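What follows is a single structure, written as structure tokens, with notes after it.
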Amino acid sequence: MLPDISANLLVNDSQLGDSLNRAVQQGRRGDFGLLLALLSDDARDLPRLDEPKDAQGEPDWRRHFELPAANPFYAEEQDRIRAPQLSALAGALQQDSLRLLLAMRAEPLRVTDARLPAEVSGNLNPRTLARLEGELQVGLPVQPARMLEVLESVKAMA
């Protein structure tokens with residue numbers, strides 16, 4: 115016989131008993147936020163994260179989730195030191211160790227700052243190629259006159 119589904123799900127606030135009150139009285143903000151989030155679908159009731167900030171004041175999610183640094187485009191000194199180790203692992207057919215080292219830090223796309231070989235740059239999408247060459251424009255061009263036209267046409271339709 116299957117268990118009653120309401121025994122495993124929070125359907126009613128009466129299932130919490132006085133857990134919310136005890137969490138408030140004992141000063142357990144995390145538990146209170148979690149229990150309240152279980153009750154409400156409103157995003158304002160969800161617990162907030164104290165994310166670490168970087169030098170510009172932006173959230174540093176890599177540090178918060180303990181992610182490794184982004185894979186580099188250019189080879190650094192540690193990549194030159196590591197190349198013989200990777201070659202030895204590949205030669206000894208130790209594929210698991212090789213995959214683990216590459217997962218921890220991928221090989222850089224470029225060994226030097228020189229242009230990419232044609233066989234590599236021919237396989238890149240145009241956005242990546244422009245980014246590597248420093249020609250990528252990240253922001254959209256600002257056209258206030260065009261925005262005014264769009265707003266006026268929307269207003270005319272209403």
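Everything in the sequence shown is counted per our numbering, starting at 115 for the first residue and increasing by one.
Yeah, the Cβ is synthetic: ideal placement off N, Cα and C, and Gly gets one too.
None of the values given here were measured: they were computed from a predicted structure.
Exposed or buried, residue i, counting other C-beta atoms within 10 Å across all chains shown (16 or more means buried)?
i      : result
Ala137 : buried
Leu265 : exposed
Leu149 : buried
Have a look at residue i and residue j and give me their C-alpha separation to the nearest angstrom.
i      : j      : result
Ala151 : Ser211 : 43 Å
Asp174 : Gln139 : 33 Å
Arg213 : Ala259 : 54 Å
Asp145 : Leu153 : 13 Å
Ala220 : Tyr188 : 11 Å
Phe179 : Gly171 : 17 Å
Arg245 : Asn239 : 10 Å
Gly248 : Pro231 : 17 Å
Ala228 : Met271 : 55 Å
Arg142 : Asn135 : 10 Å
Arg177 : Thr242 : 26 Å
Ala204 : Val256 : 51 Å
Pro182 : Glu263 : 46 Å
Val308 : Gln209 : Outside the shown range of the chain, which is 115 to 272, sits residue 308, and nothing can be said about it.
Ala206 : Ala184 : 29 Å
Gln199 : Leu130 : 57 Å
Which residue wins for smallest C-alpha separation from residue i, given the options the options?
i      : options                        : result
Glu191 : Pro222, Arg177, Ser267         : Pro222
Pro186 : Pro240, Gly131, Met218         : Met218
Gln215 : Val225, Ala228, Ser201, Thr226 : Just to set this straight, residue 215 is Leu in the shown sequence, not Gln. Leu215 has its Cα closest to that of Ser201, out of Val225, Ala228, Ser201, Thr226.
Val225 : Leu243, Ala197, Leu203, Ala206 : Ala197
Give me the DSSP bridge partner(s) of residue i.
i      : result
Lys269 : None; Lys269 has no bridge partner.
Arg224 : Tyr188
Pro182 : DSSP lists no partner for Pro182.
Pro173 : Lys167
Given residue i, which residues of its chain have a CB within under 8 Å of its CB, disregarding the five upstream and five downstream residues?
i      : result
Ser133 : Asp145, Leu149
Ile195 : none
In its own chain, which residues sit with a C-beta less than 7 Å from the C-beta of residue i, not counting the 5 before and 5 after it?
i      : result
Arg268 : Note that residue 268 is Val in the sequence shown here, rather than Arg. The answer is none, since no qualifying residue turns up.
Met115 : The predicted position of Met115 is uncertain, since its pLDDT is 45 and thus under 50; no value can be drawn from it.
Lys167 : Pro173, Asp174
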